[in-house]
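Undergrad:
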Amino acid sequence: MTTQHTIEISAPADDEELRAFRGMADYAFSENPPSTPDIARVRRQGVENLRVARVRGVVAAGLGMLPMGQWFGGKSVPMVGINAVATAPEYRSTGIMSRMLRQMLEEAHAGGSPLSALYPATQPVYRRVGYEQAGINIEYKHPLHALGTGDRSLEVRRAGDEDTATLHDIYAERARRTAGNLDRSEYMWARILEPREAQLNIYLVERDGTPEGYVIYTQGQAPGAKEKDINCRDLVALTADAARRVVAFFTDHRSTAENLVWTGAPAEPLLLHVPNQAYKVGWYEQWMLRIVDVPAALAARGYPAGLEAEVHLDVRDDVLEPNNGRWVLTVAEGRAEVRQGGTGAIAVDVRGLAPMYTGYLSPLDLRTAGYVDGPEIDLTRAATVFAGPTPWMADGF
Ligand SMILES: CC(C)(COP(=O)(O)OP(=O)(O)OC[C@H]1O[C@@H](n2cnc3c(N)ncnc32)[C@H](O)[C@@H]1OP(=O)(O)O)[C@@H](O)C(=O)NCCC(=O)NCCS
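Shown next as structure tokens:
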């Protein structure tokens, strides 16, 4: 049995520990775990962003950190994504990962990341340290023959390497308008643009040479499937005309492929431009968020323009002590100021604050769920302050 004294946590010290890190992640997540761990990919994440836990000098668990940002209310808030969370099977349920997560959160707090997000394969271990469901990742699969005709008034142009900055700009504009879309790091962009084994296709949608959208996709059959699908790694349409051009572009593939597969918003604007509800949801998953630094997170996001309001919170956090206590959030002109004190009218565990912060659940729903307590008038005001588009992410990690 492990104890606090026998666990040591830090970045992998050498290639052997990197292989142990990658080997544990392969064991847990790879469909066909390879005999030799490929450490090139984990190196690209940056060894300083990886952590291993050693029990009596032996690597027993690991996790990765992905520094980036997330858009809320038109502002990008620094966020550290967590990936490759795995404990070797012989060490599971001895408290190692709980310990690693706590240490990582303390580091993130000290390092100026007010948010942390992850995709959970299991939730209890994350809930225990303050993460909660806070947004959606949804994949649509739409038969090409039922997509409709769209419209071809905009031009489609195959993109080259010189268009990378343009892709970034178009994506950033879409992300700014959402809640929850990533402010992608170089590492996250590389995952989208790296060739891998399938032919990668990138097309820009333009009006008189000015881009209004893009698609990045491969074509292929899922294992065991007969149908060939168009698998979008990214699909962005900033205007209605661009959305209709994207529809037409993919409809023009209907004789050689079966389905268009893309990750979009829970209330997906592209679906307003297709005639039928013929899609299936191929994947639906909630990501979890942890408010790492309460005052910094509240001050960093944007708020509805034209709204002036005050929200009084009383936050409880069993893991990160500085978050505890009463906070006043004052919102005006789309911005917020945060100070200590106030009435603490809304009592909230830091876990309940995550879905409130992203707008995934209203404070009234969170009261029903037992996460929040307070007078209806305060909860209703907070609902207005945190209201916005349903939070979602196009990326997995
Ligand atoms: C999930 C996992 C990372 C937890 O690590 P751990 O070191 O065992 O965690 P802890 O000992 O701190 O325990 C935390 C909780 O995880 C639970 N847990 C252990 N193994 C688990 C498993 N395979 N699946 C789901 N939960 C598991 C434990 O039961 C414990 O909860 P409990 O005490 O209420 O029973 C580890 O089980 C693992 O590597 N699983 C496979 C990979 C995976 O699912 N990773 C998560 C990706 S998001």
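Going letter by letter, the sequence shown gives residues 5 to 401 in our numbering.
For every residue, glycine included, the Cβ atom is placed at its ideal position computed from N, Cα and C.
So what does DSSP say about Tyr364, is it helix, strand or coil?
TA: coil
Undergrad: Anyone know if the C-beta pair for Ala351 and Asp321 falls short of 8 Å?
TA: no
Undergrad: Is Ile100 close to ligand 3? I mean its beta-carbon at under 7 Å from any heavy atom of the ligand.
TA: Looking at this structure, you won't find ligand 3 anywhere; what it does contain is ligand 1.
Undergrad: Cα separation between Thr394 and Gly346?
TA: Across the structure, Thr394 and Gly346 are spaced so that their CA atoms are roughly 29 Å apart.
Undergrad: To which residues does DSSP link Ile13 through a beta bridge?
TA: Secondary-structure assignment with DSSP links Ile13 through a beta bridge to Ala57.
Undergrad: Quick one: what's got a C-beta closer than 6 Å to Glu341's C-beta in the same chain, skipping five residues either side?
TA: Thr334
Undergrad: Have a look at Thr372 and Ile86 and give me their C-alpha separation to the nearest angstrom.
TA: 29 Å
Undergrad: Does DSSP classify Gly329 as helix, strand or coil?
TA: strand
Undergrad: How is Phe76 classed by DSSP in three states: helix, strand or coil?
TA: If DSSP states are grouped into helix, strand and coil, Phe76 belongs with the strands.
Undergrad: Considering only residues of the same chain and omitting the five flanking positions on each side of Gly392, which have a CB-CB separation below 8 Å?
TA: Result list for Gly392: Phe76, Gly77, Ala183, Pro308, Gly363, in chain order.
Undergrad: Under DSSP, the beta strand (DSSP E) around Tyr135 begins and ends at which residues?
TA: First-last for Tyr135: undefined, no H or E at that position.
Undergrad: Any idea what DSSP makes of Tyr207, helix, strand or coil?
TA: strand
Undergrad: Is Gly27 helix, strand or coil when you go by DSSP?
TA: helix
Undergrad: Between which two residues does the beta strand (DSSP E) carrying Arg161 extend?
TA: 159-162
Undergrad: DSSP three-state call for Leu148: helix, strand or coil?
TA: helix
Undergrad: Nearest to Tyr31 by CA position, among Ala112, Arg60, Ala92, is which residue?
TA: Ala92
Undergrad: Classify Val342 as helix, strand or coil using the three-state DSSP reduction.
TA: strand
Undergrad: Here's a check: name, in chain order, each residue in its chain whose Cβ is nearer than 6 Å to the Cβ of Val63, leaving out the five neighbours to either side.
TA: Glu21, Ala24, Val56
Undergrad: DSSP puts Trp291 in a beta bridge; with which residues?
TA: Gly139
Undergrad: Going by DSSP, name the residue or residues bridged to Ile234.
TA: Gln223, Leu264
Undergrad: Report yes if the C-beta distance between Gly154 and Arg248 is below 8 Å; otherwise report no.
TA: yes
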